[in-house]
Amino acid sequence: DNVSDNTILKYWNAMALVTKDEIQNLVTSRHSGSGTDVKVEIQKMFEGQSRSVLERMKQDVEEKVQKCIAAGGNPVVDEKDGSLIDMPYWQDVLNSLIVHLAKMELSEIHSKMLVRQLEHLEGKREELAKSKALSKEDENEQNEAKAEEELEAAAMPKNVTSDFGNAEEELCVADEVDLGGPSYMWQDKYRPRKPRYFNRVKTGYDWNKYNQTHYDHDNPPPKTVQGYKFNIFYPDLIDKTKTPKYYLEPTKSKEYCIIRFSAGPPYEDIAFKIINREWNKSRNRGFKCTFERGVLSLYFSFKTHWYRK
Numbered sequence: 226d227n228v229s230d231n232t233i234l235k236y237w238n239a240m241a242l243v244t245k246d247e248i249q250n251l252v253t254s255r256h257s258g259s260g261t262d263v264k265v266e267i268q269k270m271f272e273g274q275s276r277s278v279l280e281r282m283k284q285d286v287e288e289k290v291q292k293c294i295a296a297g298g299n300p301v302v303d304e305k306d307g308s309l310i311d312m313p314y315w316q317d318v319l320n321s322l323i324v325h326l327a328k329m330e331l332s333e334i335h336s337k338m339l340v341r342q343l344e345h346l347e348g349k350r351e352e353l354a355k356s357k358a359l360s361k362e363d364e365n366e367q368n369e370a371k372a373e374e375e376l377e378a379a380a381m382p383k384n385v386t387s388d389f390g391n392a393e394e395e396l397c398v399a400d401e402v403d404l405g406g407p408s409y410m411w412q413d414k415y416r417p418r419k420p421r422y423f424n425r426v427k428t429g430y431d432w433n434k435y436n437q438t439h440y441d442h443d444n445p446p447p448k449t450v451q452g453y454k455f456n457i458f459y460p461d462l463i464d465k466t467k468t469p470k471y472y473l474e475p476t477k478s479k480e481y482c483i484i485r486f487s488a489g490p491p492y493e494d495i496a497f498k499i500i501n502r503e504w505n506k507s508r509n510r511g512f513k514c515t516f517e518r519g520v521l522s523l524y525f526s527f528k529t530h531w532y533r534k
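Here the working numbering is used: position 209 in the sequence shown is 434, and no number is missing along the way.
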């Protein structure tokens with residue numbers, strides 16, 4: 226559901242590239258069986274590299290191949306380092322790199338679809354829970370949430386609904402914190418690698434007492450961060466009985482803090498800089514912390530203090 230035509234097109238284009246490459250590999254291995262060492266060497270060039278690094282590498286390799294084509298397919302001297310450009314080799318590198326990028330595209334799309342599926346399942350569970358008799362604890366929590374919603378509605382300016390201006394966008398890569406290459410006790414046995422993630426930041430309007438006085442529907446206040454949705458992918462955990470954890474760490478500024486996710490081998494810790502505010506851990510206000518199908522999902526909104534007008 227809610228998958229754009231552009232995403233569907235990207236998916237099938239990437240799938241066609243990968244499938245064609247697999248078929249070609251099968252045909253080549255049957256007839257010759259050679260070239261395996263070269264392919265392994267080429268694949269090692271791509272390991273652990275980010276998409277942006279690989280895209281730059283693709284541009285460099287394309288330049289090398291184009292120089293050879295311009296020379297009639299003959300080897301030419303690379304002006305950058307003086308080495309001889311072997312066209313068949315660099316053409317193989319380019320072909321393998323295009324396929325590698327296609328596999329990354331498929332993996333990213335699959336990750337996002339998995340998150341949507343988990344969110345859909347969570348929604349179904351919530352609907353099922355609501356249809357059953359509520360326990361006293363759940364009933365109290367719902368009463369608290371209802372009272373908070375009433376306060377929120379009372380604080381809203383005229384013609385403004387509670388979801389007015391609310392939005393979600395992917396958390397910027399710049400918000401990821403460099404942990405400086407920490408060492409792990411298990412790194413001699415397993416090669417550490419960074420987990421993939423699909424995170425979102427929730428923004429909206431904060432109708433506090435000052436904003437109620439100075440802003441309205443036609444002239445809303447500046448948007449603020451209302452919360453976050455973290456989805457960290459750990460499909461290949463060595464110890465699948467161990468649930469990944471998160472920790473909050475201070476920064477130099479009290480306005481921000483660092484949230485660190487740790488799971489164990491073969492995954493490195495990963496961290497992000499977030500707004501330092503108190504969380505609302507009520508399920509009725511969207512709090513979620515689960516580890517299912519290799520995905521750690523942590524969703525939370527910040528507490529808001531409403532005032533009656």
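For every residue, glycine included, the Cβ atom is placed at its ideal position computed from N, Cα and C.
- Item | N- and C-terminal bounds of the alpha helix (DSSP H) containing residue 283 | Counting along the chain, residue 283 sits inside the alpha helix (DSSP H) bounded by residues 276-295.
- Item | residue 503 beta carbon less than 8 Å from that of residue 528 | Their beta carbons are under 8 Å apart, which means residue 528 touches residue 503 by this criterion.
- Query: Which residues mark the beginning and the end of the alpha helix (DSSP H) in which residue 440 is found?
  - Reply: Taken as a continuous stretch (DSSP letters only), residue 440 belongs to no alpha helix (DSSP H), as it is neither H nor E.
- Task: Give the range of the beta strand (DSSP E) segment to which residue 456 is assigned.
- Result: From DSSP, the beta strand (DSSP E) with residue 456 extends over 449-458.
- When the Cβ atoms of the region 436-444 are set against those of the region 509-525, are three or more pairs found closer than 8 Å? no
- Please check the pair residue 491 and residue 422, which I expect to be a contact at CB under 8 Å, by giving their CB distance rounded to whole angstroms. Taking C-beta atoms under 8 Å as the contact rule, residue 491 and residue 422 fail to qualify, at a distance of about 16 Å.
- Task: Can you check DSSP and say which residues form a bridge with residue 415?
- Result: DSSP output for residue 415 lists no bridge partner at all.
- Residue from 341, 464 and 484 whose Cα sits closest to the Cα of residue 472: 484
- 6 Å CB neighbourhood of residue 468 in its chain, flanking five on each side removed: 516
- Query: Can you give the Cα-Cα distance for residue 477 and residue 403, rounded to whole angstroms?
  - Reply: 15 Å
- Query: Using a Cβ-Cβ cut-off of 7 Å (strictly less than) and excluding sequence neighbours within five positions of residue 322, which residues of its own chain qualify?
  - Reply: 271, 279, 282, 283 and 286
- Query: Three-state secondary structure (DSSP) at residue 500?
  - Reply: strand
- 8 Å Cβ cutoff met for residue 526 and residue 501: no
- DSSP on residue 484, reduced to helix/strand/coil? strand
- Residues in its own chain within less than 7 Å of residue 475 by CB, not counting five upstream and five downstream? 482
- Task: Evaluate residue 231 with the Cβ neighbour count: other Cβ atoms within 10 Å of its Cβ, from every protein chain shown; 16 or more gives buried, anything less gives exposed.
- Result: exposed
- Task: Answer with buried or exposed for residue 273, where buried requires no fewer than 16 other C-beta atoms within 10 angstroms of its C-beta.
- Result: exposed
- Using only alpha-carbon positions, find the residue among 306, 304 and 310 that is nearest to residue 297. In this structure, 310 is the residue among 306, 304 and 310 with its C-alpha nearest to the C-alpha of residue 297.
- Assign residue 539 to one of two classes, buried (16 or more other C-beta atoms within 10 Å of its C-beta) or exposed (fewer than that). Because the chain here runs from 226 to 534, residue 539 falls outside it and cannot be looked at.
- Query: Just curious, the beta strand (DSSP E) that residue 476 is in, first and last residue?
  - Reply: First-last for residue 476: undefined, no H or E at that position.
- Message: Only counting the same chain, and skipping five residues up and downstream in sequence, which positions put a Cβ closer than 6 Å to that of residue 411?
- Response: Within the same chain, Cβ atoms closer than 6 Å to the Cβ of residue 411 are found at 490, the five residues on either side in sequence being excluded.
- How close, in whole Å, do the beta carbons of residue 453 and residue 499 come, if the pair is a contact with beta carbons under 8 Å? Rounded, the Cβ-Cβ distance is 6 Å, consistent with contact.
- Message: Contact defined as beta carbons within less than 8 Å: I believe residue 334 pairs with residue 235. What is the distance between those atoms, to the nearest angstrom?
- Response: 7 Å
- Task: Below 6 Å CB to CB, which residues in the same chain sit around residue 446 once its five sequence neighbours on both sides are set aside?
- Result: 430, 436 and 440
- Item | Within 8 Å, strictly: CB atoms of residue 420 and residue 459 | yes
- Message: Under DSSP, the beta strand (DSSP E) around residue 510 begins and ends at which residues?
- Response: It is not in any beta strand (DSSP E) - residue 510 carries neither H nor E in the DSSP assignment.
- Residue burial classification, residue 237 (beta-carbon count within 10 angstroms, cutoff 16): exposed
- Message: I need the boundaries of the beta strand (DSSP E) containing residue 273, first residue and last residue.
- Response: First-last for residue 273: undefined, no H or E at that position.
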